[in-house]
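Note that the sequence shown covers residues 1 to 475 in the UniProt record's numbering.
Glycine included, every Cβ here is placed at the ideal spot set by N, Cα and C.
Worksheet: one structure, shown below.
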Amino acid sequence: MTDTTHYDIALIGSGSSNSFPGPDLSDRSIVQIDRGVGPDHVFGGTCLNLGCIPTKMFVHTANLAATPAESGRFGLTSTLQGVDWPAIRDRIFGRIDPIVHGGEEYRRDHEDNANLTLVRGTATFTGAKTLRVLDADGGERMITADTIVLGAGSRPVLPPIDGLADAAPHTSDTIMRIDQLPASLAILGSGVIAVEMAHVFASLGVEVTLIARSERVLRTADADISARLTEILGERLHLETGFSTTSVRRTAAGVELRGRRDGADAVLEAEELLVAVGRRPNSDLLDVEAAGIDTTEDGRVVVDEYQRVQSGGEVLEGIWSLGDLSSAHQLKHVANHEQRIVRHNVLHPEALRRSDTMPIPSGVFTHPQVAWVGMDEAAARESGREVKVAVQEYASIAYGWAMEDTTGFAKIIVDAETTEILGAHIIGPEATTLIQLLIQAMSTGQTARDIATTQYWIHPAMPELVENALLQLLD
Ligand SMILES: Cc1cc2nc3c(=O)[nH]c(=O)nc-3n(C[C@H](O)[C@H](O)[C@H](O)COP(=O)(O)OP(=O)(O)OC[C@H]3O[C@@H](n4cnc5c(N)ncnc54)[C@H](O)[C@@H]3O)c2cc1C
Ligand SMILES: NC(=O)c1ccc[n+]([C@@H]2O[C@H](COP(=O)([O-])OP(=O)(O)OC[C@H]3O[C@@H](n4cnc5c(N)ncnc54)[C@H](O)[C@@H]3O)[C@@H](O)[C@H]2O)c1
């Protein structure tokens, strides 16, 4: 019979939940169970190894690579003379991998973690407070705990397309570590990962074909922003809209995708294929059903506003969840915030905090960048409130002239009477930074009236884009 060990706290995952242990929990026994992410099952979670951090390091490199092609309009002649893919890749992972190894060693060996046992393996529930852990060598142990914190994240999905799995496509788990750049890359999907990766690989000289089922890319964004990005990417890449893929196969030359477009059969070919059609929560790996944990149709663990896991619509005492496993927003800043909320609530059950008190922003690091917070225009109009909408082009602010920008804009939506900011959407240079002004205003309850004229806005800096949009709303 397998021995059972009891702990005060069982912590699942080493992504966002890795910030959970700390000095104020040093009197509790903690077991941290982690199966690892990606093909090598590495410690440290998605963001650090396979997500936000490496992608943005590639995006910055891609931005530099794309600059010479854009310099002609400034009267400059420059060309991109070479792309050393192994050097780019190794610089990025040469920074990340040692941090990952150091992080794992710290948890395993450092005296700060004397009360913590790190177990590398996959945990599955066998009851509400009981976990079976299988390690990579087939070893098994049973663990019980008074408190269980679930941070098991999500993983890429392969849609059920004939031949797709056998064609061994890349996902975001593998594409960043390839040995050499392919001459051409087809990207199935047109959401966040697809448009970011399309920018990276196109900038590095790969012929990119982006395959969208609908007529627009990044459809979670405001319709005007998504339409503008579709237009821009359409000029930069092979953009296949309205293409529904029916089968995929490996050929001597690479990969062939067959599908339907405008009611007719169509074929697309590329040397490599990246699939980016969404990520599913890892609730199945945890077998949360065995604990009676409620899940949504798409596999998310159901939590209440305090991040308490639900069973039959009621709180399942002592079980908490955070991040991609339970959030409708698969974003690192959301996972981090929820981790802080869970931590506080475990430490202070008498003074629970809610996790749902702030608007959730998104930033997409394609080219041009896209960012938004709050309602899009359609949702704001459907909400029944009387709204006012301002659109400000970068081309009409001084710094926009300096950048010769002709495509970017900000759209801000307010309540017509109070000027409460209901939503803000930006496409253009530094959109992910500029949106922060509006995130702050919305989160602290400042209206357009409160911020438009009650502070200096540095001239001629980029935030004048936001200032001028706000001023339109005061008329
Ligand atoms: C390519 C890409 C780019 C991204 N870029 C951004 C970005 O720019 N900005 C942003 O906000 N977000 C971005 N994200 C999303 C972000 O990475 C995730 O929202 C975030 O990492 C989720 O954190 P988490 O802690 O919930 O999950 P993870 O970090 O995935 O952690 C889950 C952990 O659980 C472990 N685990 C899973 N199942 C089990 C089990 N049964 N037993 C034991 N351990 C288990 C895993 O090994 C892992 O350690 C990106 C994602 C991807 C894929
Ligand atoms: N900058 C960021 O914050 C960032 C960057 C990357 C990833 N992420 C997170 O990771 C999550 C996953 O990213 P993602 O891009 O995989 O998902 P996504 O939800 O952003 O986009 C998935 C896309 O795939 C399409 N799709 C679904 N099934 C398809 C099929 N069978 N054929 C063709 N297209 C299909 C959808 O219509 C959608 O356009 C995102 O939701 C996001 O939260 C965030």
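Rounded separation between residue i and residue j - CA only
| i | j | result |
| --- | --- | --- |
| residue 419 | residue 447 | 5 Å |
| residue 61 | residue 200 | 8 Å |
| residue 367 | residue 166 | 32 Å |
| residue 380 | residue 263 | 35 Å |
| residue 203 | residue 289 | 45 Å |
| residue 474 | residue 231 | 31 Å |
| residue 458 | residue 464 | 7 Å |
| residue 477 | residue 330 | Outside the displayed span of the chain (1 to 475) sits residue 477, for which this structure offers no information. |
| residue 190 | residue 12 | 31 Å |
| residue 270 | residue 237 | 13 Å |
| residue 29 | residue 19 | 16 Å |
| residue 10 | residue 309 | 14 Å |
| residue 84 | residue 133 | 42 Å |
| residue 455 | residue 441 | 13 Å |
| residue 402 | residue 425 | 22 Å |
| residue 351 | residue 282 | 30 Å |
| residue 4 | residue 140 | 10 Å |
| residue 56 | residue 170 | 18 Å |
| residue 15 | residue 92 | 19 Å |
| residue 241 | residue 214 | 6 Å |
| residue 304 | residue 185 | 42 Å |
Proximity of residue i and residue j at Cβ, strictly below 8 Å
| i | j | result |
| --- | --- | --- |
| residue 78 | residue 86 | no |
| residue 187 | residue 276 | yes |
| residue 462 | residue 434 | yes |
| residue 279 | residue 156 | yes |
| residue 346 | residue 320 | yes |
| residue 335 | residue 318 | no |
| residue 26 | residue 149 | no |
| residue 412 | residue 452 | no |
| residue 195 | residue 233 | yes |
| residue 145 | residue 120 | no |
| residue 365 | residue 432 | yes |
| residue 449 | residue 415 | no |
| residue 42 | residue 51 | no |
| residue 39 | residue 122 | no |
| residue 370 | residue 427 | yes |
| residue 244 | residue 259 | yes |
| residue 268 | residue 211 | yes |
| residue 299 | residue 287 | no |
Local conformation of residue i per DSSP, three classes
| i | result |
| --- | --- |
| residue 170 | strand |
| residue 142 | strand |
| residue 151 | coil |
| residue 365 | coil |
| residue 177 | helix |
| residue 439 | helix |
| residue 28 | coil |
| residue 34 | strand |
| residue 465 | helix |
| residue 267 | strand |
| residue 334 | helix |
| residue 162 | strand |
| residue 470 | helix |
| residue 120 | strand |
| residue 12 | strand |
| residue 430 | coil |
| residue 272 | strand |
| residue 354 | coil |
| residue 458 | coil |
| residue 201 | helix |
| residue 190 | coil |
| residue 348 | coil |
Residue i Cβ short of 7 Å to ligand 4 heavy atom set
| i | result |
| --- | --- |
| residue 188 | Absent from the structure shown: ligand 4. Ligands present: ligand 1 and ligand 2. |
Per DSSP, cross-strand counterpart(s) of residue i
| i | result |
| --- | --- |
| residue 207 | 184 |
| residue 129 | Partner(s): none; residue 129 has no beta bridge. |
| residue 156 | 279 |
| residue 42 | 37 |
| residue 6 | 144 |
| residue 505 | The requested residue 505 is not part of the displayed model; the chain covers only 1 to 475. |
| residue 258 | 247 and 267 |
| residue 134 | 122 and 140 |
- Any beta strand (DSSP E) of 3 or more consecutive residues that is wholly inside the segment 361-421: Segments of the beta strand (DSSP E) lying fully in the segment 361-421: 361-364, 370-374, 387-393 and 409-415.
- Task: Pick out the complete alpha helix (DSSP H) segments inside the segment 281-332, 4 residues or longer, and give them in chain order.
- Result: As far as the segment 281-332 is concerned, its whole alpha helix (DSSP H) runs of at least 4 residues are 283-286.
- Task: Would you mind listing the beta strand (DSSP E) stretches within the segment 207-255 that are 3+ residues and don't spill past its ends, in chain order?
- Result: Taking 3 residues as the minimum length, the beta strand (DSSP E) runs contained wholly in the segment 207-255 are 207-211, 238-240 and 243-250, in order along the chain.
- Query: Hey, which unbroken runs of the alpha helix (DSSP H) at 4 residues or more fall wholly within the segment 46-114?
  - Reply: Those alpha helix (DSSP H) runs which fall completely within the segment 46-114 and span 4+ residues are 52-70 and 85-109.
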